[in-house]
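For the sequence shown, the numbering used here begins at 1 and goes up steadily by one. By construction, the Cβ of each residue, glycine as well, lies at the ideal position given by its N, Cα and C atoms.
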Amino acid sequence: MPELPEVETVCRQLEPEIEGRRIEGLEVLDERWTRPVPAAEVERALAGRTIEGLGRRGKYLLLTLEGGRTLVMHLRMTGNLVLVEGEDRLDPSQGMRLYEGERSTSERHLRARFALDDGRQLWFTDPRRFGEAFLLEDGDLGARFAKLGVEPLSAEFTPEALGEAAAGRTAPLKSFLLDQAHVAGVGNIYADEALFRARLHPLSPAGSMKPEHHLALRDAVVEALEAGLEHGGASIDDYRDGRGEKGEMQDEFLVHTREGEPCPSCGGPIARIVVSGRSTYFCPSCQVRLRRRPRRRKR
Ligand SMILES: [Zn+2]
Numbered sequence: 001m002p003e004l005p006e007v008e009t010v011c012r013q014l015e016p017e018i019e020g021r022r023i024e025g026l027e028v029l030d031e032r033w034t035r036p037v038p039a040a041e042v043e044r045a046l047a048g049r050t051i052e053g054l055g056r057r058g059k060y061l062l063l064t065l066e067g068g069r070t071l072v073m074h075l076r077m078t079g080n081l082v083l084v085e086g087e088d089r090l091d092p093s094q095g096m097r098l099y100e101g102e103r104s105t106s107e108r109h110l111r112a113r114f115a116l117d118d119g120r121q122l123w124f125t126d127p128r129r130f131g132e133a134f135l136l137e138d139g140d141l142g143a144r145f146a147k148l149g150v151e152p153l154s155a156e157f158t159p160e161a162l163g164e165a166a167a168g169r170t171a172p173l174k175s176f177l178l179d180q181a182h183v184a185g186v187g188n189i190y191a192d193e194a195l196f197r198a199r200l201h202p203l204s205p206a207g208s209m210k211p212e213h214h215l216a217l218r219d220a221v222v223e224a225l226e227a228g229l230e231h232g233g234a235s236i237d238d239y240r241d242g243r244g245e246k247g248e249m250q251d252e253f254l255v256h257t258r259e260g261e262p263c264p265s266c267g268g269p270i271a272r273i274v275v276s277g278r279s280t281y282f283c284p285s286c287q288v289r290l291r292r293r294p295r296r297r298k299r
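This is the structure we're talking about:
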């Protein structure tokens with residue numbers, strides 16, 4: 001499932017390519033993509049609009065349009081947003097490397113396509129069809145994302161902010177990090193990688209962290225996400241970047257999916273447990289389980 005580094009990789013690749021381009025037309029091939037809004041309504045709203053930018057909030061992609069509206073897209077489990085050459089020039093051997101050139105596979109999973117005025121197309125493909133899109137007036141963006149937590153790559157993500165979000169919480173650190181209301185954009189991969197880097201056991205109650213742990217975890221989250229960005233995101237399953245290519249972060253994981261393999265720090269075996277229904281990988285020797293009872297929330 002794409003997390004912050006994967007979504008941000010797509011943004012950074014595609015924004016310079018599509019900024020200023022006019023959407024000649026949007027074709028939604030799967031009504032579920034825009035549900036409950038009728039696809040035709042979204043198609044009409046986007047046709048003829050110029051793209052002002054492609055941004056990100058948490059794991060959401062924000063396609064900003066001229067005229068004060070934004071198409072918000074979420075990739076969910078298996079969605080991909082990929083720029084391809086125009087239909088008439090579509091050639092898997094000539095730069096169109098969707099799913100290693102398997103055009104038929106991508107076409108089968110195509111849920112929406114934007115025709116751009118330079119002849120290229122933006123495809124939203126999604127085998128499992130959990131991805132979604134909805135249109136917002138720019139004035140409503142703040143309210144829509146009010147419940148999303150701090151952006152971990154922003155200056156607001158301080159050890160103090162992390163401590164405040166965690167204060168009084170009995171939830172395990174792994175669940176705390178997965179909750180988008182605290183830190184936006186972190187999912188299963190980068191939560192495991194960050195907790196290993198911070199040397200904190202995933203089952204430690206979030207509220208049991210001391211200030212030195214807040215600092216360690218803040219730094220660890222940032223480092224884990226930046227490693228993901230540096231390697232173009234992780235392609236464990238379906239994720240492909242904005243050019244249809246796999247990321248390489250899956251080869252760089254310190255602990256995630258590494259059950260039984262030696263810990264990069266102590267050499268002991270990496271363990272796997274299930275937390276919040278998600279496979280969680282960690283080093284039982286290196287990662288300290290905090291047990292102190294959480295103090296009461298101040299607010
Ligand atoms: Zn270890």
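- Secondary structure remark: continuous beta strand (DSSP E) runs of at least 3 residues inside the segment 18-66, in chain order: 23-28, 51-57, 60-65.
- Ser-175 carries a helical assignment under DSSP once its states are collapsed to helix, strand and coil.
- When DSSP reads this structure, Arg-69 sits in a beta bridge with Leu-65, Glu-137.
- As a beta-bridge residue in DSSP terms, Thr-125 pairs with Asn-80, Leu-110.
- With 6 Å as the limit, the residues whose C-beta approaches any heavy atom of ligand 1 more closely are Cys-263, Ser-265, Cys-266, Gly-268, Cys-283, Ser-285, Cys-286, in sequence along the chain.
- Three or more pairs of CB atoms, one per stretch, sit closer than 8 Å, so the segment 246-259 contacts the segment 218-233.
- Apart from the 5 residues on each side of it in sequence, Pro-2 sits with its Cβ closer than 6 Å to the Cβ of Leu-75, Tyr-239 in its chain, given in chain order.
- With a beta-carbon spacing of about 5 Å, Pro-159 and Arg-218 fall inside the 8 Å limit used to define contacts.
- Every unbroken stretch of the alpha helix (DSSP H) spanning 4 or more residues and falling wholly within the segment 204-261 is given here in chain order: 211-230.
- In the structure shown, Val-7 falls within a helical segment according to DSSP collapsed to helix, strand and coil.
- Note: Arg-278 is bridge-paired with Val-275 in the DSSP secondary-structure output.
- In the three-state DSSP reduction, Pro-16 falls in the helix class (H, G or I).
- Contact between Pro-202 and Leu-173 holds, with the beta-carbon distance rounding to 6 Å and staying under 8 Å.
- Distance from the CA of Asp-140 to the CA of Gly-267, rounded to the nearest whole angstrom, comes to 50 Å.
- In this structure, DSSP gives Glu-156 a state outside helix and strand, which the three-state scheme calls coil.
- The C-alpha of Ala-39 is placed about 12 Å away from the C-alpha of Arg-113.
- Counting other Cβ atoms within 10 Å of its Cβ, Leu-29 stays below 16 and is therefore classed as exposed.
- Straight across, the Cα-Cα distance linking Leu-200 with Thr-9 is about 28 Å.
- Ala-220 and Ala-206 have their C-alpha atoms spaced approximately 15 Å apart.
- Excluding its 5 nearest sequence neighbours in each direction, Leu-54 has C-beta neighbours in its own chain below 6 Å: Cys-11, Leu-14, Glu-15, Leu-63, listed in chain order.
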